[in-house]
Structures are given as structure tokens and as C-alpha cells.
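Numbering (the UniProt record's numbering), first residue to last: 1 to 556.
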């Protein structure tokens, strides 16, 4: 009986796991999970998330999203790098995460204090002391290093104890050691810390290309050293000119072949890519891709190249194919254009229009809020892009400041371009997949009643609200996504004083019209462009609308 009771304490207490509507084992069914991040003595961060297995691209993306939801962006020192179950079992991947646990502890790179873990368990299970105590014992076995002989052993990250090196006590594989590592001298400063593998740093310098092909040296034609007659000189001169013309023609032919890379999905090699493009510094990164500046080597035209690693898209290959198909069919001044794409065995290279002003998220972080005239022009730009893609029955589904690129004109006016069509799709019937970014997600997505094009207009309303006052219309003080989703479903809109005191009624009216709970009552993109506030605020910028750059004339 005692052993049975001990076993029962290991069972998790009742916890709300599944969202309604879908079958319990369905990948479509969103799952409610609670994550707690111990951040030091008596400091916790807690968030409740609504996650869908099908919308999670990779475990790295999942960790990044959870960290962002906890208020710890990817550049933060305390960002989330590991997840554990309440009983100290490390989550190793997406499938492991969706096995049925409803609560997790999020940790960074450093070893947590046992007291912090205890506080996190109390926060998660305040009324289940037996379960909590059993979980704490599991953490004690993981966190506390046994007292005994501690032999200092060399490691890439510093001295470790014998138990840590073997991985017996911590259930962690030992990190690799290079032959140059020497035993550390002095006190054991890292005793009691888990041996996490060292972080690989990005190379900042230029790296020699291992695949570079040695080219034959072409030098001047050796001349005769002795006396030469006039006829021989003329004959030699004609021969040199003929040889030079032949070489120039050969070079032109070779260049035409080099820059005629296939863009129909056929594989090319990395050396082909590097012969065609000079790839420069990184200007952006995402969950499974990085963006670099690049130039064509033949004419110096500047582009942005999105480099997608195939290994990070396993099981999600259709997302990139969908983005390529949609972007290839679009051509509009307010939409970032895809010019061509190339594919190696390991990566895909999407050559896109270069927009040099960063994204709207960075602009908001720098300036806080914007005057009505600038905000109106930005909403006008986005509405033009949405009107265009909606006319093709394409819904973006991830409209947010991070996906709006800023184009700085010579007149100092900031214009926006819509990018990142990774979640976009053609609407043929109501969609039920839960996806998007929590702050900008529309009520009908959360209600799972089916949604379509109007979800983009809701997100535009949220963006307009942020542009005018500097913060979103629906927010939870403790970053609880469950509360946030409830606020979004209710859509009780307020204009807080003093932040909205100087903002016109016209601007408030447009915000209300875009943030309607009923999608049929929400303004369309075409209606937004005709709104009186948009017409008034963009009057002074009308000349810029007639001087759009025709990117269709660019060659690739």
C-alpha cells in the first residue's frame, strides 16, 4: 500500500490541458500549458500559453516563443534555453513537449537554486503538497551534488566534479574536450553547476572557402628576345588582337552561363551561389532562416537573400513551398518582392528586394509612438498591401510590426512594405488552425469558429493603436496569455488618459472600426483607405504615392 501511495504522488494533479473543439489526440487541438521561470531569490515569471502542435516549426522556435512570452527576448541573458517537467525530466524536443504535461519549469544556462525550484513548484501546485514534495525530491537528486571526493577535471567551460563529468548524478552527457584543454588550477569555482555544452559563437571574420577552385593563371604572351622584322611584328600584333578578342568573347559567354542559375527548384551548388552573389553581413534572423545583404557580382545590384536551412524545416517543407508560390505571384510596391530562388542540397536561397530601414518593431522600440500623420501614412501603406493580397484571396495571418519593413525615402518619409509570407495562404473556406502572434491574434481565431481575410484587419487595428500610444490595446500585467486571450475575446477597448488625450476622434474611430469582434462588422482594407482620418492625414504625402519605385524594372 505504501508503494502504491508513493506512486500516486507522482501523478500530476488535475490541470486544464486541452482547449475545446478538437479530439483529444488531434494535432490541431490547442493545448493549454503553464510555464514558470525561476529568476532568482523570490522572483518568478509565469505564463499560460495556448499552443498548437501543428504550428510549432522547431524546438528552438518553441523555446524562443516561450522566452518572449515570459518577457525574455532572445538577446536577454536570462532567456529560456531549457525546459523541464515538474519532476526534473528535461524536455528534449517538440514531441517530448507535447506528450501530455501541462506544466513546465523554464531555465537558462545556469544551474537553478533549489529554493527557486521549490517556489516554482509552489506556484504551480499550491494545493497538492504530496505531489509537490515528490517533485522536489527529484530536483534535489538533480541539483544537489553528492558530498565526497571531488576530482578536478578539465573541461571546455571550467573545472567539474567527478560526478558531473561522468554525468551520473546530473543525467547530462559530458561535453567534449579538445586535446589542448589542461586541468584548471585553483579552487573549484563551478562545483555544483551542470556541465552545459559550450555555446558556439558565430565567426565574425572572413573564412576561406574550402570549395574554391584553383583558376589557371593567364599571363602575357612571351615575346621573342632577339631581333624581329616588321612583318613578324604586324603578324604578331594581329594574332594578339585575335587572341584577346577570343578571350573576351569566352569570358562573356562564361559570365552568361554563370549568372543563368536555375530558379525552378533545380539544385545548384554553393560555389554556384558564391560565383553569382557576393553575400554580405546578416541583417535579420528568424526561427529557421537568416537574412543577409547580397549583391550580384556582374552588375552590383543590391538584394536581400533569405537563407533557409532545410534541416530546420523537417515536416514543415510545405511552409517554404507555400511562401515561394505566393510571393512569386505578387508584385506590388507595398509588398516585399521575391525575385528568384535557388536551392542546394542543404539550403534554399530566396533573393528578395532589399529594404534598408529595418522593421517597424525596431522603429517603435526606438521612438515609442508616432504623430498621427506618420501613423496614418503607415496604416495607408499596409492597407494598400492588404487590399492587394486580399483581392487575390490571400490572408497573411502574421501581420505584426516585425513583418513590416521600413523604407526610408530621400525626403525623410518612412514607408512600409509587407513581408514574411510564411503563414500566408489562399482562403477557399473558413480556416480553423490556431496560429499567429498572441498580441495581434483576432477573436475568431481564439473562438475557433472559422476565420478568413478579416483577421489581418484586426491585426492592423492593434498596430495602429500601438503606433498612436506606444502600447497594445489588450495586455496582461503578469503576461498571462490565458488572461490576454480572454481580453481579446471580450474586446473591451479603452483609450487610457493621458496617453490618448491629444489623439483625434478620427483616429479613435478608425481603431474602433478595425477592432470589431464581429469580422463582418470590421473594416476591409479598401474601406480603411477611404476612411476620413486616413484621407486627411495622408493629404500632405499624396505626391509620394505617385512616385512609387517600379521594382518590376529591376533585373535578376
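Glycine included, every Cβ here is placed at the ideal spot set by N, Cα and C.
Exercise. Which residues mark the beginning and the end of the alpha helix (DSSP H) in which residue 294 is found?
Worked result: Here residue 294 belongs to no alpha helix (DSSP H); instead the beta strand (DSSP E) covers 289–296.
Problem set entry | heavy atom of the ligand ZN below 7 Å from residue 64 C-beta | In the structure shown, the ligand ZN is absent, as is every other ligand, since no ligand is present at all.
Exercise. DSSP state of residue 488, grouped into three classes?
Worked result: Looking at residue 488 - three-state DSSP - the assignment turns out to be helix.
For this session: Using three-state DSSP, classify residue 302 as helix, strand or coil.
Result: Strand at residue 302.
Exercise. For residue 319, which residues of its own chain have a beta-carbon under 6 Å away from its beta-carbon, when the five flanking residues on both sides are left out?
Worked result: 422
Problem set entry | Within the region 63–116, ranges of the beta strand (DSSP E) (whole runs, at least 3 residues) | 82–84, 103–107
For this session: May I have the straight-line CA-CA distance separating residue 536 from residue 317, to the nearest angstrom?
Result: Distance from the CA atom of residue 536 to the CA atom of residue 317, rounded to whole angstroms, is 45 Å.
Exercise. DSSP three-state call for residue 354: helix, strand or coil?
Worked result: coil
Problem set entry | Residue-level contact to chain C via CB, residue 69, 8 Å cutoff | No chain C is part of this structure, which consists of one protein chain only.
Exercise. Which same chain residues, not among the five before or five after residue 121, have their C-beta less than 7 Å away from its C-beta?
Worked result: Cβ within range, chain order: 86, 132, 135, 136.
For this session: Helix, strand or coil for residue 57, going by three-state DSSP, please let me know.
Result: Three-state DSSP puts residue 57 in coil, outside helix and strand.
For this session: Tell me whether the beta-carbon of residue 62 lies closer than 8 Å to the beta-carbon of residue 104.
Result: no
For this session: Put residue 387 into one of helix, strand or coil per three-state DSSP.
Result: Here residue 387 sits in helix by DSSP.
For this session: Could you tell me the boundaries of the beta strand (DSSP E) in which residue 414 lies?
Result: Judged by DSSP secondary structure, residue 414 falls within the beta strand (DSSP E) whose first and last residues are 414–418.
Exercise. Helix, strand or coil for residue 471 per DSSP?
Worked result: coil
Exercise. Ordered along the chain, which non-local residues of its own chain (more than five positions away) have a Cβ less than 7 Å from that of residue 123?
Worked result: 36, 44, 46
For this session: Check whether the region 368–377 touches the region 526–540, taking contact to mean three or more Cβ pairs, one atom from each stretch, closer than 8 Å.
Result: yes
Problem set entry | residue 309 - partner residues in DSSP beta bridges | 347
Problem set entry | Same chain, Cβ closer than 8 Å to residue 487, neighbours up to 5 away in sequence not counted | 474, 475, 476
Exercise. Looking at residue 359 and residue 402, is the spacing between their C-beta atoms short of 8 Å?
Worked result: yes
Exercise. So residue 31 is in the beta strand (DSSP E); what residue range does that whole segment cover?
Worked result: 31–38
For this session: Can you give me the Cβ contacts of residue 279 inside the same chain, cut-off strictly under 7 Å, excluding the 5 residues immediately before and after it?
Result: 292, 294, 305
Problem set entry | Rounded C-alpha distance that separates residue 398 from residue 300 | Our two residues, residue 398 and residue 300, have alpha carbons roughly 33 Å apart in a direct line.
Problem set entry | Nearest-angstrom Cα separation, counted from residue 411 out to residue 432 | Linking residue 432 to residue 411 through their CA atoms gives a straight-line distance of about 44 Å.
Problem set entry | Reference residue 286, options 117, 426, 309, closest by Cα | 309
For this session: Can you grab the Cα-Cα spacing for the pair residue 60 / residue 470, in whole Å?
Result: 29 Å
For this session: Mind checking which residues open and close the beta strand (DSSP E) that includes residue 131?
Result: Segment 129–143 is the alpha helix (DSSP H) holding residue 131; no beta strand (DSSP E) there.
Problem set entry | Candidates 479, 532, 405, 441: closest to residue 333 by CA position | 405
Exercise. Using a Cβ-Cβ cut-off of 6 Å (strictly less than) and excluding sequence neighbours within five positions of residue 91, which residues of its own chain qualify?
Worked result: So the list reads 83, 97, once near-sequence residues are dropped.
Problem set entry | Three-way DSSP call (helix, strand, coil) for residue 342 in this model | strand
Exercise. Per the contact definition of three or more C-beta pairs closer than 8 Å, is the region 522–530 in contact with the region 378–398?
Worked result: yes
Exercise. Could you give the distance in angstroms between the alpha-carbon of residue 521 and the alpha-carbon of residue 281?
Worked result: 45 Å
Problem set entry | Euclidean distance between Cα positions of residue 361 and residue 298 | 34 Å
For this session: Determine the direct distance from the alpha carbon of residue 289 to that of residue 427, and round the result to whole angstroms.
Result: Distance between residue 427 and residue 289, taken at the CA atoms: about 26 Å.
Problem set entry | Close beta carbons around residue 48, own chain, < 6 Å, minus the five adjacent residues each side | 34, 480, 481, 482
Exercise. To which residues of the same chain is residue 76 closer than 8 Å at the C-beta, ignoring the five residues directly before and after it?
Worked result: 67
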